[in-house]
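Q: Below: one structure in C-alpha cells.
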Amino acid sequence: MSYTMKEARAMLAQKPKYSLGFFPTPLHRLDRLSEELGVELYMKRDDFTGRNLFGGNKIRKLEYLIGDALEKHAEYVFTYGATESNHAMQTAVACRKAGLKPVLYLTAVVPVDESDVRSNLLLDQVLGAEIHIVRMLEGETEDEADERGLQMAALRMQELEQEGHRCYEIPMGGANAVGSAGFAEGFLELTEQMEALGKHADYIYHATGTAGTMAGLAAGRKLIGSSTEVISVNVSKKDNSYLGRAAGLANEVLASLGVADLTVDAERDVAREGGFYLPGYEKPGKESTEAIKYLAREEGLFIDPVYSGKAFAALLSHIRSGRIRPGSTVVFWHTGGATALFAEQEIVGDLSCALIYDR
Ligand SMILES: *Cc1c(COP(=O)(O)O)cnc(C)c1O
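Everything in the sequence shown is counted per the numbering used here, starting at 28 for the first residue and increasing by one.
Pasting the structure below:
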C-alpha cells in the first residue's frame, strides 16, 4: 500500500531541514527537441536549486544534512569528493549560509595546477573552505585514494573534537539516508508539477554517481506508488553490487520516514544504464561531447561533461533506438554541474567550433 501525496509530505516534514535553495525548481518542455525526437521531453531544472549560479542536485540533500548538523550543534562539517566535486562546493556554500565551517578532503583525480585553479576548486577557495588535497599515489586507484582521504580526515576530526569542536561528517555525494530524503521529496515535487500540467512522466533520466539521488527518487516513487520509470545513468564504472546498494539506501530512507510496509527491490525498482560513462569519471566521451553541443545548439541549454552530458547522451540514444517508445513523456532531470565547462581541459574535452577572423 502506498501513501497519498499529503501523507508523504507530512512524513518528510518531520525531519530537521534547513532552507538552502529555491523550490520547486522549474519544469519546462523542450519544444524543439520534442518535435525533432518524437517524444514529449521535459527538463527538471535542479541546476537552479540556488542559492547562487552554481546550484545543483546536492542542495536538496544538503537541506536535510545541514538541518541535521545544526540540530546536533555541529561547528565543522567534513565532506569528500574529487577536486572538482560539485557536492563539495555546494556543501561549502551551504555551510557558509548556515554559519558552519567547511572542511573538504578532495581527491586529485585530475592533478591540481595551483597557478591556474579552475571551476569548483576555485569556488571552494573563494568560500575559504579548509581544503585538503589528496594526491593520487603512483599505481593507486581512485577508491584507494578516497580511502586514504577518509583516514586523514578522521585524524583531523579527532584533533578538532579533542579541542572541543563538534564535527559533522557528510559522506561523498551526501549519499546517506538523511541526505537522500531530499530526493524522495524531489520526486514528490516533480509528480505534483506534472499533475498540474495534466501530464504523467513515463520516464525520468538522470546521472548517477554515489546513488544518493537515485535512492531518494526510488524511495519517493515507492512511497506514492508511482509508475514512472527512473533510468539512472552511471558516470563511472560500477560493479554489480551498485543496484543493491542503491536499493538498500532507498530502504533506509523509507525506514527513516517511519515506513515499514514498503520496500524498494534491487531487481524491480531501480534501473541503471551503464553504457555511457566511458572513458571514465571526469573523462569526456564522444557521445557526451556531442550531446552537450546538440542541447546547446537546439535549445540554448548547458549541461556538463562529467554528469549530465553522459546522462543526456544515454537518453538520446534510447530515444533514437526506440527503447523509449515514440510519443512517451520523458523528464530529463538536470542535476547541475555546468561549472565543469570551466574546469581543466582534460575534463572539458573539445567543445570548440571554428573562430572566424575577418579582415
Ligand atoms: C553529484 C552529481 C550527480 C550524481 O548524484 P549522486 O547523488 O551522487 O548519484 C549528478 N549530476 C551532477 C551534476 C552531480 O554533481
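We put the beta carbon where it would ideally sit given N, CA and C, even for glycine.
Between 250, 256, 176 and 319, which lies nearest to residue 229 when the distance is taken from Cα to Cα?
A: Here the closest residue by C-alpha is 256.
Q: Would you say residue 348 faces chain D, with C-beta separation under 7 Å as the test?
A: Given the protein chain composition of this structure (a single chain), no chain D is represented.
Q: Quick check: the Cα distance between residue 181 and residue 107, rounded to an integer number of angstroms?
A: Approximately 12 Å, taken between the alpha carbons.
Q: Inspect the CB distances between the stretch 274-289 and the stretch 215-230 and report whether three or more fall short of 8 Å.
A: The stretch 274-289 is not in contact with the stretch 215-230.
Q: Could you tell me if the beta carbon of residue 323 falls within a distance shorter than 6 Å of some heavy atom in ligand 3?
A: Looking at this structure, you won't find ligand 3 anywhere; what it does contain is ligand 1.
Q: Would you call residue 39 buried or exposed, if buried means 16 or more other Cβ atoms sit within 10 Å of its Cβ?
A: Counting Cβ neighbours within 10 Å, residue 39 comes out buried, since at least 16 surround it.
Q: Consider the C-beta atom of residue 239 and the heavy atoms of ligand 1; say whether any pair is separated by less than 6 Å.
A: Residue 239: yes, Cβ under 6 Å from ligand 1.
Q: Could you have a look at residue 34 and say whether DSSP puts it in helix, strand or coil?
A: Residue 34: helix per DSSP, three-state reduction.
Q: Among 74, 95 and 94, which residue has its Cα nearest to the Cα of residue 85?
A: Residue 85 has its Cα closest to that of 74, out of 74, 95 and 94.
Q: So does the stretch 197-205 actually touch the stretch 93-107, counting three or more Cβ pairs closer than 8 Å?
A: With the cut-off at 8 Å, the stretch 197-205 and the stretch 93-107 touch.
Q: Does DSSP put residue 269 in a helix, in a strand, or in coil?
A: Looking at residue 269 - three-state DSSP - the assignment turns out to be helix.
Q: Using the C-alpha atoms, what's the distance from residue 80 back to residue 150?
A: Taking the straight line joining both Cα atoms gives about 11 Å.
Q: If I follow the unbroken beta strand (DSSP E) through residue 128, where does it start and stop?
A: First-last of the beta strand (DSSP E) with residue 128: 128-134.
Q: Run the CB neighbour count on residue 361, radius 10 Å, all protein chains shown included, and call it buried at 16 or more, exposed below.
A: Burial call: buried.
Q: Considering residue 359, what are the terminal residues of the beta strand (DSSP E) in which it resides?
A: Its beta strand (DSSP E) spans residues 356-361.
Q: Thinking C-alpha only, which one of 52, 239, 132 and 158 is nearest residue 175?
A: Among 52, 239, 132 and 158, the Cα nearest to that of residue 175 belongs to 132.
Q: Using 8 Å as the threshold, is the stretch 210-221 in touch with the stretch 30-49, meaning 3 or more CB pairs across them?
A: They touch, by the three-pair rule.
Q: Would the C-beta of residue 334 count as close to ligand 1, meaning under 6 Å from any of its heavy atoms?
A: Within the cutoff, so yes.
Q: Just the C-alpha distance for residue 384 and residue 327, rounded to the nearest angstrom, thanks.
A: Roughly 24 Å separates the two Cα atoms.
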